[in-house]
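Numbering (my numbering), first residue to last: 105 to 408.
1) Going by CA-CA distance only, name the one from 374, 366 and 388 that's closest to residue 395.
2) Using a Cβ-Cβ cut-off of 8 Å (strictly less than) and excluding sequence neighbours within five positions of residue 338, which residues of its own chain qualify?
3) Got a sec, what are the start and stop residues for the beta strand (DSSP E) residue 408 sits in?
4) Are the segment 215-230 and the segment 168-182 touching, with three or more C-beta to C-beta distances below 8 Å?
5) Looking at the strands, I want to know which residues DSSP matches up with residue 343.
6) Can you list, in chain order, the stretches of the beta strand (DSSP E) that have 3 or more residues and sit fully within the segment 146-234?
7) Would residue 393 and residue 380 be called neighbours here (beta carbons separated by less than 9 Å)?
8) Could you tell me the alpha carbon to alpha carbon distance between residue 247 and residue 354, rounded to whole angstroms?
9) Once you ignore the five residues that flank residue 391 on each side, which residues in its own chain have a CB closer than 7 Å to its CB?
10) Assuming residue 296 is part of the alpha helix (DSSP H), what are its boundary residues?
11) Under 9 Å, do residue 231 and residue 115 count as touching if we go by C-beta distance?
12) Run through DSSP, which three-state label would residue 404 get?
13) Just mark residue 234 as buried or exposed, buried being the case when its beta carbon has 16 or more other beta carbons within 10 Å.
14) Sorted by chain position, which residues of the same chain lie with C-beta nearer than 6 Å to residue 319's C-beta, five sequence neighbours on each side aside?
15) Comparing alpha-carbon positions, which option in 191, 185 and 218 lies nearest residue 204?
16) So, does the segment 184-197 touch the segment 112-132, judging by three or more C-beta pairs under 8 Å?
17) Going by CA-CA distance only, name the one from 387, 144 and 180 that's closest to residue 129.
18) Expressed to the nearest angstrom, what Euclidean distance is found between the alpha-carbon atoms of residue 388 and residue 408?
19) Select from 287, 201, 267 and 285 the residue whose C-alpha is nearest the C-alpha of residue 278.
20) Skipping 5 residues on each side, what residues in its chain have a beta carbon closer than 8 Å to that of residue 377?
21) Please report the distance separating the alpha-carbon of residue 302 from that of residue 256.
22) Whole angstroms are fine: how far does the CA of residue 284 sit from the CA of residue 340?
23) Determine the direct distance from the alpha carbon of residue 402 to that of residue 369, and round the result to whole angstroms.
24) In its own chain, which residues sit with a C-beta less than 7 Å from the C-beta of residue 258, not counting the 5 before and 5 after it?
25) Mapping DSSP to helix, strand and coil, what is residue 399?
26) Can you tell me which of the three DSSP states residue 371 falls into?
27) In this structure, does DSSP put residue 337 in helix, strand or coil?
28) Who are the near neighbours of residue 166 in its chain, counting only those whose CB is closer than 8 Å to its CB and skipping five residues on each side?
29) Locate the alpha helix (DSSP H) running through residue 357, then write down its first and last residues.
30) Is residue 348 helix, strand or coil when you go by DSSP?
31) In the structure shown, what three-state DSSP assignment does residue 313 receive?
32) For residue 214, which residues in the same chain have their Cβ closer than 7 Å to its Cβ, ignoring the five residues on either side in sequence?
Shown next, in the form of structure tokens:
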């Protein structure tokens, strides 16, 4: 049987012999029947979401997820699926007559979202109902975000390739990075840079921060300046887009080192025209910039 989109914009996946064989393989070694059932159903839910995402051209890596790890399955109630360049999504099984999707505390961290998967009584099919970006012990099924929003949400999370700032000094600018005149108004440029900005090296891009009930657009600006000893002086700024005067309150600008640890951050307050951070980096160094608001975030990697 082929998978199909139903009229309610859900997605139904056939649970094949392969799906049940894997569920049995992962659940059989466990100590008690309750745990066996938990892992079996979790595995079917992950299988369904994995199938769907691959149909939608997303690359997944189930094998490195906790839900595929026999040791982790002994101790945790998890149904996570690693999506390459995006992060982990939790795939929670929902029984046929249930009205809520239950999310155990084991899955409340290190997840970009939670997908509800309703298992049919026969366990021959699974229907993906929708998703939520935030964890709660119980999420009513009628409050799930629609499935059609999931692909847009994941696409927004997709991490772009690392930007090489050293090449910017040589005039090689990656596609998608615009001049500040294309992103900001003349008033914004005068306020942030005066007459001293190096137009040739200053670039930026518009960032879309998609949240459950709203969407905000901001501009990320990067200004690299060469220093002695192969170092770069780097300023990063977040501005409102053209037509807006102030940043949304609570927008964060976070600088992370190569290990992913936050080393600098700034947060917009009431009536902030922009926020910025200033630091130096050496040749060969890697870092990333995260722009975040509430549960939404976009990360861009950089190297020298």
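Note that the Cβ used here is the ideal one computed from N, Cα and C, for glycine as well.
So, from the data block:
1) 366
2) 269, 326, 327, 328, 329, 382, 383, 384 and 385
3) Unbroken run through residue 408: none, as it is neither H nor E.
4) no
5) 323
6) 184-187, 191-198, 204-206 and 217-223
7) no
8) 25 Å
9) 359, 360, 361, 362, 385 and 406
10) Annotation: the continuous alpha helix (DSSP H) that includes residue 296 extends over 290-297.
11) yes
12) strand
13) buried
14) Cβ within range, chain order: n/a, list empty.
15) 218
16) No: fewer than three Cβ pairs fall under 8 Å.
17) Put simply, of 387, 144 and 180 the residue whose alpha carbon is nearest the alpha carbon of residue 129 is 144.
18) Looking at the two C-alpha atoms, the distance is approximately 5 Å.
19) 267
20) 292, 295, 296, 343, 344, 349, 350 and 351
21) Bear in mind that the predicted position of residue 302 carries a pLDDT of just 49, short of 50, making it too unreliable to give a figure here.
22) Near 13 Å, if we compare the C-alpha coordinates of residue 284 and residue 340.
23) 14 Å
24) Excluding sequence neighbours, residue 258 sits near 162, 187 and 190.
25) coil
26) strand
27) Look at residue 337 here: in three-state DSSP terms it is strand.
28) 150, 154, 172, 185 and 186
29) Element bounds for residue 357: not the alpha helix (DSSP H) but the beta strand (DSSP E), 356-360.
30) Of the three classes helix, strand and coil, the one that applies to residue 348 here is coil, per DSSP.
31) strand
32) 192
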